[in-house]
């Protein structure tokens, strides 16, 4: 069975936010994004893919289109295809997000 | 911004396990599955879709193919396309799962 523990998979680097792949198929991928305080994923756009972020730990500020919102653990956010989106950790504690993208742009 | 709180969305019924849709696009969907003690999602197969389960709360027993595993909060499990899969809550406490599926079979 393909089973992973988030606690065992989370990984941080002082250099930049870390992406840890959990699952990868021709149809989708599922990653952990691990942000130390002050780190970010810059605003970018996927032309054909939807992304779901789920905040597992900490607080992050999402930019989706023209809107910004800071949300904590237990919240999910949708970044629809074609809409610019980014995430930053403005807090002073680590943040961990579960990220799901479909379809998988790497196939 | 399309943002949802899991705590505010979770819902249980004595009748059967509850599916609460969080996001739905032509490319994927994201649901909460809420299992009272003793409830299950029977083993079934999606011919073309991958599913990721993430256990948010409680413990559940996954059947993926011929294998069974009981796992708790913080674990993710992949049910690949074409592989029979099911979930049951054999515990005496509620269980809540975040579920992603791609592509979206409803489109």
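Chains as they are written, first to last, in this note's numbering: chain H, 3 to 109; chain B, 3 to 109. The beta-carbon is built from N, C-alpha and C at its ideal position, and this holds for glycine as well. Quick caveat: nothing in here was measured; it's all calculated off a predicted structure.
Using a 10 Å radius around the Cβ and a threshold of 16 neighbouring Cβ atoms, would you call residue 91 of chain B buried or exposed?
Here residue 91 of chain B is buried: its Cβ has 16 or more other Cβ atoms, across all protein chains shown, within 10 Å.
Expressed to the nearest angstrom, what Euclidean distance is found between the alpha-carbon atoms of residue 9 of chain B and residue 76 of chain H?
Spanning the two alpha carbons is a distance of roughly 7 Å.
Do residue 57 of chain H and residue 40 of chain H have their C-beta atoms closer together than 8 Å?
Contact flag unset, no.
With DSSP as the reference, identify every bridge partner of residue 65 of chain H, one or two as the case may be.
Per DSSP, H:70, H:88.
On the three-state DSSP scale, how would you describe residue 9 of chain B?
In the structure shown, residue 9 of chain B sits in a helix (DSSP, three-state: H, G or I).
With a CB to CB cut of under 8 Å and the five nearest residues on each side skipped, what residues in its chain are close to residue 47 of chain B?
Spatial neighbours of residue 47 of chain B in its own chain (CB-CB distance under 8 Å, excluding positions within 5 residues in sequence) are listed in chain order as 84, 85, 86, 87.
In whole angstroms, give me the CA-to-CA distance for residue 30 of chain H and residue 64 of chain H.
Between residue 30 of chain H and residue 64 of chain H, the C-alpha separation is close to 22 Å.
Looking only at its own chain, which residues have a Cβ that is under 6 Å from the Cβ of residue 71 of chain B, when we skip the five neighbours before and after it?
The beta carbon of residue 71 of chain B lies closer than 6 Å to those of 64 in the same chain, with the five residues before and after it left out.
Could you tell me which chain B residues have their CB closer than 9 Å to the CB of residue 45 of chain H, listed as they occur along the chain?
Chain-order list of chain B residues neighbouring residue 45 of chain H: empty, with the shortest C-beta distance near 14 Å, by a criterion of under 9 Å.
Can you find a C-beta in chain H that's less than 8 Å from the C-beta of residue 36 of chain B?
Output row for residue 36 of chain B: interface = no.
Return no unless some Cβ of chain H is closer than 8 Å to the Cβ of residue 14 of chain B.
Residue 14 of chain B does not count as touching chain H.
Cβ separation of residue 16 of chain B and residue 105 of chain H, assumed to be a contact under 8 Å, to the nearest whole Å
Rounded, the Cβ-Cβ distance is 38 Å, inconsistent with contact.
Helix, strand or coil, according to DSSP, for residue 20 of chain H in the structure here?
Shown here, residue 20 of chain H sits in a strand according to DSSP, grouped into three states.
Taking Cβ positions only, does residue 90 of chain H come closer than 8 Å to chain B?
Answer no: the Cβ-Cβ gap between residue 90 of chain H and chain B never drops below 8 Å.
Since residue 84 of chain B meets chain H, which of its residues come closer than 9 Å, beta carbon to beta carbon?
Simply none; closest approach about 11 Å.
Contact check, residue 51 of chain H vs residue 19 of chain H, beta carbons under 8 Å:
Contact flag unset, no.
Would a check of beta-carbon distances place residue 73 of chain B closer than 8 Å to chain H?
Yes, residue 73 of chain B lies at the interface with chain H (some Cβ there is under 8 Å from its Cβ).
Could you pull the start and end residues of the beta strand (DSSP E) that residue 30 of chain B belongs to?
Segment: none, residue 30 of chain B is in no beta strand (DSSP E) and carries neither H nor E.
Straight-line gap, residue 13 of chain H to residue 26 of chain H (C-alpha atoms, nearest Å)
Straight across, the Cα-Cα distance linking residue 13 of chain H with residue 26 of chain H is about 18 Å.
Below 6 Å CB to CB, which residues in the same chain sit around residue 100 of chain H once its five sequence neighbours on both sides are set aside?
For residue 100 of chain H, where only same-chain residues beyond five positions count, the Cβ hits under 6 Å are 56, 58.
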